[in-house]
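J.: Residue numbers (mature numbering (1 follows the signal peptide of the UniProt record, and there is no 0)): -18 to -1, 1 to 240.
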Amino acid sequence: MLLLILSLSFVLLNPTEAVCRPRNSAGKVDPGLGHTPEKSSLTPPPTNQAVTPSPSHVTPPSAPKAATPSPSAPKSSPSPKVVVSGTPPNAVKSSPPPCPEESSPSPNVAKLKMLCTQLTSYPDLCVSAMTPFLDGNAALDDMKFVFETAVKVVVNETNGLKDLITSYEGKATSPMMVDSFKACKNDYDDALEDIQTAMDAAPSGDYGTLTTFLSSAIDSYGDCDDEFRGLNPLAIQNARLRHLLDNCLAFAERVHWA
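#1: Kindly indicate which three-state DSSP category Y104 falls into: helix, strand or coil?
#2: Would you tell me roughly how many angstroms separate the C-alpha atoms of M159 and L146, rounded to the nearest one?
#3: Compute the beta-carbon to beta-carbon distance between V133 and M181, rounded to the nearest angstrom, for a pair I have assumed lies under 8 Å.
#4: So, are the CB atoms of N220 and C206 less than 8 Å apart?
#5: Note down the Cα distance separating L196 from C98, rounded to an integer number of angstroms.
#6: Going by the beta-carbon positions, is the gap between N138 and G118 smaller than 8 Å?
#7: For a test of the three-state rule: what should DSSP assign to E130, helix, strand or coil?
#8: Among the residues of its own chain, which have a CB less than 7 Å from the CB of V128, if the five just before and after it don't count?
#9: With the cut-off set at 8 Å, would you say F210 and S162 are in Cβ contact?
#10: For T179, collect the residues of the same chain with a Cβ closer than 6 Å to its Cβ; drop the 5 residues on either side in sequence, then sort them by chain order.
#11: How big is the Cα-Cα spacing for T191 and M112?
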């Protein structure tokens, strides 16, 4: 009896030990006590699905920029220097001979160009019209010779224009056109007559008569323009002859008339 009372007293005095030691508690873990369970060996293998990274952690790659060559950088495939066999790289190659049209003008042409540029109002026409009348012995330092050559050009072209009008007359489409051509031929005859009068006054040094009749010849070419009503087929030729005579007057001013 005494032993029973002592046993009960022992149980009542140690209640925690009796409660905290449940049966078969060794080796078991209560999931409610916050302990992390060991990883199970039966964890399913990871799938092959790619894990999408969070946009906040992944920076998209920037687009590749086209490489810009440096201005001073040489080209990727520079053309090699061509060196003639047997010729040192620094040797100066001889230039090919110039073409005939690129050759330097003759001294006479160069002199004529200078005179036409300095003295006349139509230098290009002056050079192109007078050059065929010059030879290697042309005395372009003599202004009287230059003046006479310029007048010779006008006379030659006026006679050629008269022959052209004769061919035009046979192709005229109206009697009025035929009359206009005939009137122009008379005007050209008047111009040639005035030019001859001017040249006759030259030996005596009558500069006034010379310039007066040359100016009258210029007016005769203008009279031909007035013969046509409407389109004038001779307008370009008449303007050319007036400009040539204007150049003649410019040369006449430089002649020492005595």
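Each residue gets a CB set at the ideal place from its N, CA and C atoms; glycine is no exception. Please read all numbers here as calculations on a predicted model, not as lab measurements.
T.: Taking the geometry as given:
#1: coil
#2: 14 Å
#3: Correct: roughly 6 Å between the Cβ atoms.
#4: In this structure, N220 lies near C206, with their beta-carbon atoms less than 8 Å apart.
#5: 19 Å
#6: no
#7: E130 falls in the helix class under three-state DSSP.
#8: L97, L122 and F233
#9: yes
#10: F195
#11: 24 Å
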